[in-house]
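In my numbering, the protein residues as written are 18 to 477.
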């Protein structure tokens with residue numbers, strides 16, 4: 018069995034003075050899943066070299082058993098990853114374009130698309146080269162939408178699956194792509210025997226696109242696997258000493274007796290951090306009684322800072338936090354506590370002490386923060402959740418649902434959350450935690466693998 022993804026289970030750092038390579042293990046659902054099938058299963062993970070350390074490791078022949086890292090030309094990778102995957106496909110599936118001005122599918126786009134094709138072909142050829150007769154291959158995400166179709170041509174004997182971790186765009190939005198590109202993406206995906214999505218909504222959107230643009234799914238099956246939180250890991254990790262230290266520091270920043278509205282996100286455009294802060298400001302404006310009684314603890318960890326639009330968004334988050342603190346802050350109260358340096362222990366500390374968790378994405382494939390907070394919360398936490406998060410499909414009944422664009426309604430939801438009685442809050446948190454952990458990462462992966470193995474193959 019083989020897995021293919023842009024990012025692998027290990028990365029390498031190169032010390033430029035000594036030339037020493039240091040390996041760092043990754044985490045996440047795929048790592049858990051592969052470990053769950055055991056070391057004797059003959060599994061192989063095909064991934065891309067992402068930096069100088071990774072490329073040097075490939076050149077030196079340094080690697081780990083069960084991992085094949087591809088040294089794809091750095092310029093080709095940059096075009097495919099930043100130019101197409103993150104600046105086109107991500108934007109389409111998350112509905113992020115300012116359509117009066119963008120997208121513009123010009124000669125530069127076509128040049129980058131050739132790199133995206135080459136990047137996908139490198140994966141398909143590596144998988145074809147490595148796979149035993151009749152092996153199962155699970156391809157991951159929007160970076161590799163063309164791989165199933167390419168691999169099907171090279172190795173019709175294989176069982177091929179693809180899993181999408183993002184939403185899927187509705188038909189009218191997906192059709193913004195040039196007609197031939199939209200068809201190429203769909204036919205690439207439909208080279209798989211089975212396609213997996215995080216929610217029924219995203220699966221249905223893909224099916225609608227296939228019906229409208231290429232005449233349907235053909236023999237490809239579609240399934241839903243809602244990735245859950247890893248309860249055992251989170252509960253154990255959240256009670257280690259470094260988390261306790263960060264809880265003490267955060268309590269000092271919040272202040273005695275105050276409530277905490279917590280958000281933990283990357284500064285990803287779809288996460289809607291700016292409107293979340295605007296809603297918090299609206300709460301302070303509309304309900305002055307909350308001033309000096311609540312703090313917005315916002316962790317906005319940098320993401321994709323090599324793209325100008327992301328740098329600008331990160332700067333706007335910082336500017337707005339400063340503006341709110343300047344407008345409402347007092348000598349003893351900082352309304353917004355903003356942290357931009359990634360710190361997992363501090364995130365877990367915030368989960369534990371949050372009174373309210375604000376998860377308000379414009380659009381999100383799942384959003385694991387919404388699932389993780391209830392699992393580790395000490396006193397129970399009210400979840401204010403966007404209806405556009407995939408997690409809403411499973412958690413909506415026990416969350417306060419918001420329209421992510423409606424700042425005034427989100428401010429009202431924050432007030433409702435802050436005033437929820439303790440026993441009601443605890444009961445909702447208990448049910449949220451149960452729903453959030455229904456399909457932990459290892460089982461999520463194994464369910465996909467078993468479903469693929471039971472799917473009739475489209476090969477001969």
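For glycine and all other residues, C-beta sits at the position ideal for the given N, C-alpha and C.
On a predicted model such as this, the values are computed, not experimentally measured, just so you know.
Beta-carbon spacing of residue i, residue j below 9 Å
{"i": "residue 63", "j": "residue 87", "result": "yes"}
{"i": "residue 387", "j": "residue 453", "result": "yes"}
{"i": "residue 375", "j": "residue 408", "result": "no"}
{"i": "residue 292", "j": "residue 422", "result": "yes"}
{"i": "residue 267", "j": "residue 258", "result": "no"}
{"i": "residue 416", "j": "residue 392", "result": "no"}
{"i": "residue 141", "j": "residue 171", "result": "yes"}
{"i": "residue 54", "j": "residue 469", "result": "no"}
{"i": "residue 245", "j": "residue 456", "result": "yes"}
{"i": "residue 255", "j": "residue 412", "result": "no"}
{"i": "residue 23", "j": "residue 133", "result": "no"}
{"i": "residue 380", "j": "residue 406", "result": "yes"}
{"i": "residue 334", "j": "residue 311", "result": "no"}
{"i": "residue 128", "j": "residue 472", "result": "no"}
As assigned by DSSP and simplified to three states, the class of residue i
{"i": "residue 335", "result": "helix"}
{"i": "residue 157", "result": "strand"}
{"i": "residue 477", "result": "At residue 477 the pLDDT is 48, less than 50, meaning the model places this residue with poor confidence and gives no usable figure here."}
{"i": "residue 214", "result": "strand"}
{"i": "residue 381", "result": "strand"}
{"i": "residue 374", "result": "strand"}
{"i": "residue 27", "result": "strand"}
{"i": "residue 198", "result": "helix"}
{"i": "residue 39", "result": "strand"}
{"i": "residue 472", "result": "coil"}
{"i": "residue 343", "result": "helix"}
{"i": "residue 179", "result": "strand"}
{"i": "residue 446", "result": "helix"}
{"i": "residue 480", "result": "Residue 480 is absent from the structure shown; the chain starts at 18 and stops at 477."}
{"i": "residue 465", "result": "helix"}
{"i": "residue 111", "result": "coil"}
{"i": "residue 56", "result": "helix"}
Endpoints, the alpha helix (DSSP H) within which residue i is located
{"i": "residue 271", "result": "258-271"}
{"i": "residue 207", "result": "No alpha helix (DSSP H) contains residue 207, which DSSP labels as neither H nor E."}
{"i": "residue 189", "result": "188-191"}
{"i": "residue 132", "result": "124-147"}
{"i": "residue 298", "result": "290-303"}
{"i": "residue 169", "result": "164-171"}
{"i": "residue 323", "result": "First-last for residue 323: undefined, no H or E at that position."}
Cβ-based burial, residue i [other Cβ within 10 Å; buried from 16]
{"i": "residue 477", "result": "In this prediction, residue 477 has a pLDDT of 48, which is less than 50 and means its spatial position is unreliable; what the coordinates show is noted afterwards. Counting Cβ neighbours within 10 Å, residue 477 comes out exposed, since fewer than 16 surround it."}
{"i": "residue 348", "result": "exposed"}
{"i": "residue 306", "result": "exposed"}
{"i": "residue 467", "result": "exposed"}
{"i": "residue 389", "result": "buried"}
{"i": "residue 74", "result": "buried"}
{"i": "residue 367", "result": "buried"}
Residues that DSSP places opposite residue i in a beta bridge
{"i": "residue 406", "result": "381"}
{"i": "residue 356", "result": "316"}
{"i": "residue 399", "result": "373"}
{"i": "residue 64", "result": "86"}
{"i": "residue 241", "result": "214"}
{"i": "residue 21", "result": "63 and 156"}
{"i": "residue 350", "result": "347"}
For residue i, the first and last residue of its enclosing beta strand (DSSP E)
{"i": "residue 276", "result": "276-283"}
{"i": "residue 308", "result": "Element bounds for residue 308: n/a, residue is neither H nor E."}
{"i": "residue 418", "result": "417-419"}
Any non-hydrogen atom of the ligand SAM closer than 8 Å to residue i Cβ
{"i": "residue 385", "result": "Ligands displayed in this structure: none; no statement on the ligand SAM is therefore possible."}
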